[in-house]
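Residue numbers (this note's numbering): 464 to 764.
We put the beta carbon where it would ideally sit given N, CA and C, even for glycine.
A quick note: this is a predicted structure, and the numbers were derived from the prediction, not measured.
First up is the structure itself, then whatever we jot down about it.
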Amino acid sequence: ELLHQAIESRETADHSPAEGNAPRDVNVQDLEEALTLGQIHLAYQPKVRCRTGTIVGVEALARWQHPRLGFIPPDVFIPLAEAHDLIDRLTLQVTEQALDWLADISSDDTARRVGQHALQETVLSLNVSARSLGNVALFDAILQRCRERDIAPERIVLELTETSAMQDAITSLDTLTRLRLQGFQLSIDDFGTGYSSMVQLVRLPFSEIKVDKRFVMTANDSEESRAVIRSVVELGRSLGLNTTAEGVEDGETLAYLDALKCDLAQGYLISRPLPPDAFLDWFIARESQREERRLVALAGL
Ligand code: C2E
Ligand code: MG
Ligand code: MG
Ligand code: MG
């Protein structure tokens with residue numbers, strides 16, 4: 464519980480100072496209005512290979528800056544959307560924005576500007592509420608949005624947080640199998656915190672498992688956290704899944720993950736979630752840094 468509170472307070476520190484007591488004041492009308500007015504925007508957080516630092520993907524994270532109430536964290540408005548049947552509408556808006564952006568950063572134009580093609584293969588992760596799993600129409604709409612932009616479903620990872628909704632294994636299995644057959648990749652988010660059992664994981668067609676950040680952020684100080692990380696990475700590997708650690712905040716943790724052969728890392732050490740334009744700047748700066756280091760290493764040989 465203490466650990467929980469500590470994590471909670473670090474989370475809040477990340478959000479804008481305008482936050483104040485806004486979350487308590489926000490209501491469903493505000494959210495409905497935000498959806499109608501298009502006030503929900505996205506931040507993008509890169510996902511890199513632990514071993515090489517190469518970027519392989521970006522996760523889209525919903526952001527809501529309310530004109531009066533200030534910054535409302537997704538941990539507040541996502542549950543609100545879920546509770547009031549607004550989540551599918553939100554998911555579709557987020558999907559459209561993120562796909563437009565992905566098409567943009569994958570374009571030949573951007574490749575010319577950035578000086579290479581790395582981003583043309585970048586995979587996009589979208590967070591999807593497990594509550595939506597029963598809604599076939601939503602996923603058909605997502606597939607259609609991909610087709611309209613000529614984006615292969617193979618480039619999309621749908622991240623599902625393990626919740627009690629996923630316990631409804633029959634609906635889940637149907638929907639998830641269908642999504643896999645259509646080409647989408649599926650990821651189980653925040654693993655280690657919820658309801659998932661190993662049994663369920665083996666039965667469901669996931670392609671990635673993400674270790675929850677509460678373990679990763681405390682890896683340096685807690686043997687228990689390290690034990691959870693080790694077993695999740697091992698479980699993922701034995702099931703042939705990509706293993707990803709979220710919440711990587713320092714080099715020591717990254718080195719630890721790499722030693723465990725965890726595939727991918729995400730976290731403030733690499734980059735905070737960034738607004739769309741800042742992302743490209745970050746990418747260009749990072750690539751030139753990497754190139755510089757490569758040349759220095761070559762010269763040293
Ligand atoms: P998540 O999908 O597990 O995303 C990771 C969260 O950890 C993000 O919080 C991210 O900003 C934060 N994070 C990443 N690296 C670090 C780090 O190194 N240190 C710390 N302290 N935090 C880090 P965020 O953006 O506040 O999102 C919270 C959750 O809200 C997400 O967790 C996801 O479950 C949900 N969410 C966000 N956007 C959407 C969305 O479009 N749809 C749905 N259904 N859920 C969303
Ligand atoms: Mg996620
Ligand atoms: Mg997560
Ligand atoms: Mg999370």
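query: Residue range of the unbroken alpha helix (DSSP H) whose run includes Gly714; result: Gly714 to Ala722
query: For Thr517, the three-state DSSP class (helix, strand or coil); result: coil
query: Alpha carbon of Leu549 to alpha carbon of Pro537, nearest angstrom; result: 14 Å
query: Inter-residue Cα distance where the pair is Ala476 and Ser701; result: Only weak support exists for where Ala476 lies, its pLDDT of 40 falling under 50; the value from the coordinates is given anyway. Answer to the nearest angstrom: the Cα atoms are 37 Å apart.
query: In DSSP terms, what Glu522 is bridged to; result: Gln508 and Ser588
query: Nearest residue (CA-CA) to Gln502, options Leu601, Thr515, Leu727 and Val557; result: Val557
query: Beta-carbon separation (whole angstroms), Asp493 vs His547, contact threshold 8 Å; result: Between His547 and Asp493 the Cβ distance is about 11 Å, and since that is not below 8 Å, they are no contact.
query: Simplified DSSP assignment, three categories, for Asp652; result: strand
query: Where the alpha helix (DSSP H) containing Phe742 begins and where it ends; result: Pro739 to Gly763
query: Cβ neighbour criterion (16 or more within 10 Å) applied to Asp571; result: exposed
query: Cβ shell of Gly483 (< 7 Å), same chain only, five flanking positions each side left out; result: For Gly483, the predicted model reports a pLDDT of 48, less than 50, meaning its position is unreliable; a value from the coordinates is still stated below. Contacts found: Gly533.
query: Of the residues Ser592, Asp653, Ala566 and Arg576, the one placed nearest Pro616, counting alpha carbons only; result: Ala566
query: Check: Ser688 C-beta below 6 Å from any heavy atom of ligand 1; result: no
query: Beta carbon of Ser592 nearer than 7 Å to that of Glu545; result: yes
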